[in-house]
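First up is the structure itself, then whatever we jot down about it.
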Amino acid sequence: MSWSTINYQCGIATRIFTAFLPTNVGRHFYKCSKPNGYKCDYWKWVDDPLHPRVANLIHNLKNENDNLPLEKKTLETR
Numbered sequence: 001m002s003w004s005t006i007n008y009q010c011g012i013a014t015r016i017f018t019a020f021l022p023t024n025v026g027r028h029f030y031k032c033s034k035p036n037g038y039k040c041d042y043w044k045w046v047d048d049p050l051h052p053r054v055a056n057l058i059h060n061l062k063n064e065n066d067n068l069p070l071e072k073k074t075l076e077t078r
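Position 67, counted from 1, in the sequence shown is what our numbering calls 67; the numbers after and before it change by one each time, with no gaps.
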């Protein structure tokens with residue numbers, strides 16, 4: 001998938017970020033790439049929303065993946 005950057009209010013090229021909230025997990029969005037305190041208000045979705053089942057699956061897989069280091073440590077201490 002290829003997306004271009006957009007120059008918006010502040011004249012700086014936006015960056016593409018990935019959402020990780022359960023309702024929009026995996027969706028990509030543009031926002032100002034300046035540091036906090038200097039950002040303009042530009043924000044826009046890049047892609048269409050995911051089907052709720054797909055978003056839930058991605059969210060659950062991310063949570064499982066995030067828990068792997070703790071599970072590994074627990075198993076190593078047994």
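In this text, a Cβ means the ideal position worked out from N, Cα and C, and glycines have one as well. Keep in mind it's a predicted model, so treat the numbers as computed, not measured.
Q: Just mark A13 as buried or exposed, buried being the case when its beta carbon has 16 or more other beta carbons within 10 Å.
A: exposed
Q. DSSP on H51, reduced to helix/strand/coil?
A. coil
**Q.** Beta-carbon spacing of P49, R78 below 9 angstroms
**A.** no
Q: Pull up the distance between the alpha-carbon of V25 and that of E76, whole angstroms please.
A: 31 angstroms
Q.
If you measure between the beta carbons of W43 and K31, is that distance less than 9 angstroms?
A. yes
(Q) Assuming K62 and F20 are in contact, meaning their beta carbons sit under 8 angstroms apart, how far apart are those beta carbons, in whole angstroms? (A) 7 angstroms
Q: Compare the beta carbon distance of V46 and F29 with 9 angstroms and say whether it is the shorter of the two.
A: yes
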